[in-house]
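Each remark here refers to the structure printed beneath this line.
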Amino acid sequence: MKIKFLAGRLFSMIIAIFIMATVHAGKPLWTFSPLTPTRLSVPTNTNAWIQYRVTNQSMKPHILVMTPIRGITQIVQGAGLCGTVFALSAKDSSCILSLQINGNLLTENISTGPVVCEQGHYTTCYTPSAENSLRIDPAPPLTDAAISVLDSPLSLTANGATGSLTIRNNSIWVKATNITSNFTNTALDGKVFETGNNCNSVEPLATCTLTFTAATTPVVQTNFSIQGTNTAPVRAAMSIVSVAPTLVSITPNAGTSLGNTAVTLTGTNFTNSSTVTFDGVSASNIVVINETTLTADTPAHAAGAVDVVVTTAAGSDTLTNGYTYLAIPTLSTINPVSGTAIGNTGVTLTGTHFMGTISVTFDGIPATSVHVVNNNAVTAVTPAHAAGPVNVVITTPDGSAVLNNGFNYRNAAIGQASGGGKIGFLGGGLNNMIVANVDNSSSAIFGGFGVLTNATSTTNGASNTTTIVSVYSNPPNNYPQVQYAAGICSLYEVDSQGNTPCQAGNTCYNDWFLPALNQLNCFFTNKVAIGGFNAGTDYWTSTEINNQRAWYQWFGAGTQSNVNKNTIRPIRCARNF
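The letter at position 60 of the sequence shown is residue 60 when you use UniProt numbering, and the numbering goes up by one with no holes.
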């Protein structure tokens, strides 16, 4: 047994010697050209990378593999890199052998390699020359990080907004810890303060922020240091400047000549020492909210536009004619001068000194959607009121003006303007309807031929319209609403001043629908009082027969019938009140 064991050992030694001899003997069939340094000390908490170009020196192709080395990983993903098994197909063909040195896996020095062999023929192997072979020594772990300041110098405004510096940990292996600023023995000491710090632990290649607040004293640009507990100090620079204020706006920009109007001024570089004047008269109760906002109460002043001035220790800025003192309003006219008792009539009041209008009332009842167009015009929507003439009152911070018997309420009647259109029917419930002033389309289709919506109500056009839009404008149909009758009505909007689309400040009427069969018949009954209908034309209703046909109303003799949904007809939208 002992003889057999010794014989086996001897055979293995002979084979190993043969392989080593093969590695080093003769002209190499493939060579190694280093692309990076091959002699490294690698800390145990880092990685390093070494690359060789492996080149076929023979006229034959070779299929090659690298012999594994403890602590080294072959990188095989990437353009031009050698794979785990790689082919050098012809002379001078090559690839890059990329090796990652894993510091945490190194247990001893590496002083040779890499060894690359012919796959399946491990007696044919080569390694780089002695001077280009791997020489890798494990090293103690890195503990220090290197930091840099990305946005120095920093300029702060005295008693102004905060500013910040971004600190970058340039290390790829070690956290930077407890980074802070130091102003000791600099002109900044006591004049600027570090008021924010998220730099207690900064990951490799990450950033953190130091935030600073300046006091009231200007300082020229001065260097100071920033350092962490495991970093060297780095230099940064900062200055503190005193900047004159800018005044951008004042809100409100008009108010009573009696004064005591609370206003908000916006701009830049406001300080606690700010003063505010209106035509040279000091405001009261000045409160600096921050460097861009302050509030104050206006002094009394005669009617007219005045300059507003903000002053700080660094200078002043003027908003020319920035504030207007308002006189007592006058009310001259209202248009229209009459409307329906149910209200919802859009009116325009004209006169003078309307800026800052607080309210408009009709016989003491507040109007809605009061909107100041300018100093001489206000729009509003009338409230409901019993029939008869009423006084109209407009009120501003400077007083009120009355137009005696300025508006006449009339009993509700078909054809009266109201709610974005005309009263079309007074039948109660779903038959209290406003109809659009004109046709909303002269050539609309009901909708998709062959698509069933189940909108079959003859009395509820609003419900029908909702159902139709839900079916047609959602999957799987996805018809744009502008392409079919109910969708057009659903999109329609008009405001209390007759604008389409609605404008800000006015009541917006956007709850229109395509009338159902019986509802449209009501409009046929009142077509003369309503006006605008084409007497020789069929109008679509929102009432469906089946997936192919829907009802229409002829405005000639008033007959009702049905037709294919994909034919075109005019439409007139309606809404309930």
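Glycine residues also receive a C-beta, built at the ideal position from the N, C-alpha and C atoms.
| said: For Asn521, report the span of its alpha helix (DSSP H) as first-last. | reply: Along the sequence shown, read from residue 1 onward, the residue named residue 521 stands at position 521. Element bounds for Asn521: 517-525.
| request: Rank Tyr325, Leu205, Val309, Glu203 by C-alpha distance to the C-alpha of Asn260 and give the top, closest one. | output: If you number the sequence shown from 1, residue 260 lands on position 260. It is Tyr325 whose Cα lies nearest to the Cα of Asn260.
| Across which residues does DSSP place Trp554 in a beta bridge pair? | Mapped onto the sequence shown, residue 554 falls at position 554. The partner list for Trp554 (beta bridge, DSSP) reads Asp538.
| Buried or exposed by the 16-neighbour rule on C-beta atoms within 10 Å, applied to Val287 | Within the sequence shown, the letter at position 287 stands for residue 287. By the 10 Å Cβ count, Val287 comes out exposed.
| field | Inter-stretch contact at 8 Å, needing at least 3 Cβ pairs: the region 60-79 / the region 150-167 | value | no
| query | Rounded to a whole number of angstroms, what is the C-alpha to C-alpha distance between Val116 and Ser98? | reply | On the sequence shown, residue 116 is found 116 positions in, with the first residue counted as 1. On the sequence shown, residue 98 is found 98 positions in, with the first residue counted as 1. Their Cα atoms are separated by approximately 13 Å.
| message | Would you call the region 462-480 in contact with the region 560-569, where contact means no fewer than 3 C-beta pairs closer than 8 Å? | response | no
| Under the three-state reduction of DSSP, which class applies to Ala25: helix, strand or coil? | For the purposes of this step, residue 25 is taken as residue 25 along the sequence shown, with counting starting at 1. Confidence at Ala25 is low in this model, with a pLDDT of 48, below 50, so its placement is unreliable and the value that follows should be read with caution. Coil, per DSSP.
| said: In whole angstroms, give me the CA-to-CA distance for Asn321 and Ala254. | reply: Here residue 321 refers to the residue found at position 321 when the sequence shown is read from its first residue. Here residue 254 refers to the residue found at position 254 when the sequence shown is read from its first residue. Approximately 10 Å, taken between the alpha carbons.
| said: So, with DSSP's three-state summary, where would you put Leu40? | reply: Translated into the one-based positions of the sequence shown, residue 40 becomes position 40. DSSP places Leu40 in strand when its eight states are reduced to three.
| field | Close Cβ partners of Ser332 (< 7 Å) along its chain, the five nearest in sequence each way excluded | value | Reading the sequence shown from its first residue, position 332 is the one you call residue 332. Correct list, in chain order: Thr350, Gly351.
| task | Whole angstroms is fine: what's the gap from Ala300's alpha carbon to Thr396's? | result | Translated into positions along the sequence shown, residue 300 becomes position 300. Translated into positions along the sequence shown, residue 396 becomes position 396. Looking at the two C-alpha atoms, the distance is approximately 16 Å.
| field | Nonlocal neighbours in the same chain, by C-beta distance under 6 Å from Asn510, ignoring five residues either side | value | Residue 510 sits at position 510 when you count from the first residue of the sequence shown. Same-chain partners within the cutoff: Glu493.
| message | Please return the same chain residues whose Cβ sits closer than 7 Å to the Cβ of Pro218, not counting the five positions on each side in sequence. | response | Numbered from its first residue, the sequence shown carries residue 218 at position 218. Taken in chain order, the residues that qualify are Ala158, Ile240, Val241, Ser242.
| field | Residue from Tyr484, Gln503, Gly532 whose Cα sits closest to the Cα of Leu514 | value | In the sequence shown, the residue the question calls residue 514 occupies position 514. Cα-wise, what sits closest to Leu514 is Tyr484.
| query | So, Gly71 versus Thr107, is the Cβ gap smaller than 9 Å? | reply | Stepping through the sequence shown from its first residue, residue 71 is reached at position 71. Stepping through the sequence shown from its first residue, residue 107 is reached at position 107. Yes, Cβ-Cβ distance for Gly71 and Thr107 is below 9 Å.
| said: On the DSSP letters alone, give me the boundaries of the beta strand (DSSP E) that Val373 sits inside. | reply: Start at 1 with the first residue of the sequence shown, and residue 373 comes out as number 373. It spans 368-374 - the beta strand (DSSP E) in which Val373 sits, taken as one unbroken run.
| task | Kindly indicate which three-state DSSP category Thr311 falls into: helix, strand or coil? | result | If you number the sequence shown from 1, residue 311 lands on position 311. Here Thr311 sits in strand by DSSP.
| message | Checking the sheet assignment: what are the DSSP bridge partners for Gln560? | response | Position 560 of the sequence shown, counted from the first residue, corresponds to residue 560. Gln560 is bridged to Gln553.
| Separation of Cys573 from Ile423, as counted between CA atoms | Taking the sequence shown and counting its residues from 1, one reaches residue 423 at position 423. Taking the sequence shown and counting its residues from 1, one reaches residue 573 at position 573. Rounded to whole angstroms, Ile423 to Cys573 spans 12 Å at the Cα level.
| task | Closer than 6 Å by C-beta to Gln519: which residues in its own chain qualify, once you throw out the five before and the five after it? Chain order, please. | result | Reading the sequence shown from its first residue, position 519 is the one you call residue 519. Cβ within range, chain order: Gly461.
| Buried or exposed by the 16-neighbour rule on C-beta atoms within 10 Å, applied to Ala25 | Stepping through the sequence shown from its first residue, residue 25 is reached at position 25. Any answer about Ala25 is weak, because its pLDDT of 48 lies below 50 and its placement is not dependable; what the coordinates show is given next. Classification of Ala25: exposed, given that the 10 Å Cβ count is below 16.
| So Ala377 is in the beta strand (DSSP E); what residue range does that whole segment cover? | Taking the sequence shown and counting its residues from 1, the one referred to as residue 377 is at position 377. Per DSSP, Ala377 belongs to the beta strand (DSSP E) from 377-381.
| task | Leaving aside the five residues before and after Val308 along the sequence, list all residues of the same chain whose C-beta is less than 8 Å from its C-beta, in chain order. | result | Taking the sequence shown and counting its residues from 1, one reaches residue 308 at position 308. Around Val308: Leu247, Ile250, Leu265, Val276, Thr277, Phe278, Thr318, Leu319, Gly322, Tyr323.
| field | Nearest neighbour of Ile101, chosen from Lys27, Pro501, Asn45 [CA to CA] | value | Your numbering for residue 101 matches position 101 in the sequence shown. The residue with the shortest Cα to Cα distance from Ile101 is Asn45.
| query | Beta-carbon separation of Asn197 and Thr180 under 9 Å? | reply | As a first step, residue 197 is located in the sequence shown; it is residue number 197 there, counting from the start. As a first step, residue 180 is located in the sequence shown; it is residue number 180 there, counting from the start. Contact: yes.
| query | Where Asn454 and Thr541 are concerned, what is the direct C-alpha to C-alpha distance, given to the nearest angstrom? | reply | Numbered from 1 along the sequence shown, position 454 holds the residue referred to as residue 454. Numbered from 1 along the sequence shown, position 541 holds the residue referred to as residue 541. Each residue's Cα considered, the two are about 14 Å apart.
| field | Contact the region 543-551 vs the region 524-533: 3+ CB pairs below 8 Å | value | no
| field | Pairwise C-alpha distance: Gly406 and Pro389 | value | Here residue 389 refers to the residue found at position 389 when the sequence shown is read from its first residue. Here residue 406 refers to the residue found at position 406 when the sequence shown is read from its first residue. Going by the C-alpha atoms only, they are around 7 Å apart.
| request: Only counting runs of 4 or more residues, tell me where the alpha helix (DSSP H) segments fall wholly within the region 205-276, in order along the chain. | output: none
| Out of curiosity, what's the CA-to-CA distance linking Ile445 and Asn566? | For the purposes of this step, residue 445 is taken as the residue at position 445 of the sequence shown. For the purposes of this step, residue 566 is taken as the residue at position 566 of the sequence shown. Approximately 5 Å between the Cα atoms of the pair.
| field | the region 200-216 touching the region 279-298, judged by at least three CB pairs closer than 8 Å | value | no
| task | Using the DSSP secondary-structure output, state which residues sit across from Cys489 in a beta bridge. | result | Translated into positions along the sequence shown, residue 489 becomes position 489. Cys489 is not bridged to any residue.
| query | Taking just the CA atoms, how far does Gly419 sit from Thr507? | reply | Counted from its first residue, the sequence shown places residue 507 at position 507. Counted from its first residue, the sequence shown places residue 419 at position 419. C-alpha separation (whole angstroms): 9 Å.
| said: If distances are taken between C-alpha atoms only, which option among Trp173, Pro570, Asn408 comes closest to Asn104? | reply: In the sequence shown, counting from the first residue as 1, residue 104 sits at position 104. For Asn104, the nearest C-alpha among the options comes from Trp173.
| said: Can you look up Asn499 in the DSSP assignment and give me helix, strand or coil? | reply: For this step, residue 499 is matched to residue 499 along the sequence shown. Asn499: coil per DSSP, three-state reduction.
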